[in-house]
Every structure is written in structure tokens, then in C-alpha cells.
Amino acid sequence: MSADRMRPINGKSAAKRILWGPPQNHISWAYMKELRENHPCTVYEEDPYIEVYQFRDNLYGLFHQNCDGMGDVWMWLTVGPEKCLLVDNGYGLGDLKALVDRITGGKEIIPVVTHDHFDHAFGSCRFGRVFCHEKLVPQIQAQNEHMWDYLFDDNGNNIWLQFDRKDLPEFKPFDIIGVPDGYTWDLGGGYEIELINSNGHGGPGAAMYLDKHSKILFSGDNICSDVSGCGTVSYPLEQCSLWAYRECVKRLIARIDEIDWLFPEHFIVNLESCLLYDILEALDTVLADPKNNYDYMENRQSGNGGPPRVTYYKYIKGFSTMSYGITDGPEPPVMISATRHLKK
Ligand SMILES: [Fe+2]
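Following my numbering, the numbering of the sequence shown begins with 3 at its first residue and continues without gaps.
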């Protein structure tokens, strides 16, 4: 065990960790170890890679290990009176649709995604369709049969996570249905879930989903107890992605009576919505003077495979950190087809 690596967590999933990427947040790590080793969950035969944790009468956290070396991932299944809605679909490892059918008794599934990243949207083809914010459609369209290749070395061996390659989906085209900000689904009997365009992590098409019945916000990767990478700073500030995300947080706070709980896609969940005020405070401080109002910085490999560049970190009071870069101009979305071999 080297000093900068975490010990394995002995969860019930059939997949086993081989290799981690960057070290993860200590608090988040302890939380996940306690949750996965000591709290009840169910692994169904339909998908042995998913640990199912029940958080509410009708809310299931489908936990799966990240197939690459980054943080493990939650998907959120809300079961309404007539339909169910699944937020994110992971890598698609295992028969995720059969698992959802098992839990819901076969109710119609509305699959939605928070953003296009590997660990959130690669399972979309298992459902034949996916809903997302309308600006995310081009990134989802870039998915292809080779997008899982980077998980294996030149000899075909798993690099980060041990699982049976045959349990990945066979890629086939699926319907990608872009919807506007504020679009609402009715799961039956007036049980509504609303898409909220968030910007930030995942770019202009990133989305959160608000369960208006249970006052739960599925917040994607913009809120994370490890590091929240919420976009970059560029100038003019009012056009940069971190600013756009700040506008979203302000809108959420204006609707705070509708939001009691936050359920992110990684690590600690069931957070109280008052965290949004602390996030806004951190964003306001950063945006007041991005080049100086950070707490620490480091040189990191950029996400697009370019040279290392400076990443700045700002503490969110009582929670974790948000990271940001400072760039010359707004960054275009990174398409899957351009990134699939970068993590080797
Ligand atoms: Fe993620």
C-alpha cells in the first residue's frame, strides 16, 4: 500500500478494484467504506455489478464502481405511481434495464442523464432512448462502439476494474431526446420531476433533476464531496462556465422551498439543501477575483490530454472543494470520439 492510494472497499458488487486514479477525499472515502461494508444493500442476479441501496420508499441508489480509476458512481431510480425515472446509467455494465424492471415490477422507464461523461451516460444504449438537455445532444450522439476500449490494455486486460468484458453493452443506436430547461415528466398522479439546466460540470448541456414530490434534487457532478469541478473561468467573466453555474445556484436558492435534499452522483448523498448557500458563497468569492481568491492550486493534467495546467481549488464551507481553471476563452465540449484513449 503506497502512501497515496486507498485500500480496497469490500462491497458486494461482483467487480473488483484493480487500480485507482488520483487519491480521493478522505471524508468521502470513509463514508463509502462504512456504507458499502456495513449497511444493507441488495445485489440482484439481473446485474451483479450494482449495489442497490434504498434511501426512501420510492428512491433507490444504484451504486456502481467506476470502470476507470475515477470516483465510484450513483444512479438514482425514482419509482412513481405509473412510471419510473432513472437519473444516469453509468457504463451500462451488466443488464441495468433488467435490474430496473426487477425493482419496479416493469414500469415504463424514463432514462435521463445529468451529463455525457463516461461514468454517467455510456449505458444509454441499453434503454433504446435517453432524455437530456437539448444542448447535450451532440455529445451523446458521439457515443460509439469503441467508447469502452480505453478500459482495456493492448492485451485486452482490464486496467482499472475487474469485470467480464462480455457484460458491457453491445452498442446500438438509440433515440436521443433533447428537452429544454424546465421540462417536466409526470410519473403518474401528478408526481413530477423537472429538468434544470445547470451548466458547470458537463458544460452548457448539463442538467440537474428535481423530484418536486419528494423535494429531492439530483445534482449531477456539480456538487461532490470529493472535488466539485464546476467549470472554468474565462473573460469576460459573465460568459464563462463558472459564472453560468453560479446563475444556476442562485436560481436554485430562489426555489429553496422546493428543495430539501441533494443527491449527487458521487460519494456522500442525502445532503441538506442549505449546502447551496455555502456553494454560492464560494462561487461569489472565486468570481470576485479568480486569480487570487483560491485556497490552493496544483499543476494537473488537463482533461483533453494537453499539457499540465494550473487547477485552482476553493473550499466550500463545511463540505469539500470546488476546482476551476482559468483559460483564454470558453472551452468547447470535449467529444467522446476525441477522448476514448486518453486515460491509458
Ligand atoms: Fe462523474
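The beta-carbon is built from N, C-alpha and C at its ideal position, and this holds for glycine as well.
All values derive from a computational prediction rather than experimental measurement.
Can you pull the DSSP bridge partners for Y314?
M299, Y326
Which term fits C276, buried or exposed, when burial requires 16 or more other beta carbons within 10 angstroms of its beta carbon?
exposed
Taking 6 angstroms as the cut-off, is the beta-carbon of D280 closer than that to any non-hydrogen atom of ligand 1?
no
I'd like to know whether the C-beta atoms of G125 and N146 end up nearer to each other than 7 angstroms.
no
Within 10 angstroms of its Cβ, does L239 collect 16 or more other Cβ (buried), or is it exposed?
Burial call: exposed.
Extract the residue ranges of the beta strand (DSSP E) inside the region 36-73, only unbroken runs of 3 or more that lie entirely within it.
53-58, 61-66
Mind listing which residues have their beta carbon within less than 5 angstroms of any non-hydrogen atom of ligand 1? Chain order is fine.
After applying the 5 angstroms Cβ criterion, the set is D121, D223.
On a CA-only basis, which of G96, G73, R311, L264 is nearest M299? Give me that one, please.
R311
So the beta strand (DSSP E) V1 belongs to, where does it begin and stop?
In the structure as shown, the chain starts at 3 and stops at 346, and residue 1 therefore has no counterpart that could be examined.
Out of curiosity, what's the CA-to-CA distance linking R342 and Q164?
Reliability of the predicted coordinates at R342 is poor, the pLDDT of 44 falling under 50, and no value is obtained from them.
Close-in-space but distant-in-sequence residues of the same chain around V213 (CB under 7 angstroms, 5 per side omitted)
Before going further, note that residue 213 is Asp rather than Val in the sequence given. Excluding sequence neighbours, D213 sits near T80, I195.
Per DSSP, N160 is paired with what?
Note: N160 sits in a beta bridge opposite F154.
First and last residue of the beta strand (DSSP E) that includes H135?
That run of the beta strand (DSSP E) goes 131-135.
Helix, strand or coil at T234 [DSSP, three-state]
coil
Please determine, among P182, M77, W22, G202, the residue with the shortest C-alpha to C-alpha distance to F1.
Limits of the chain in this structure are 3 at one end and 346 at the other, which puts residue 1 out of reach.
Could you check if T44 is buried or exposed, using at least 16 other CB atoms within 10 Å of its CB as the buried criterion?
exposed
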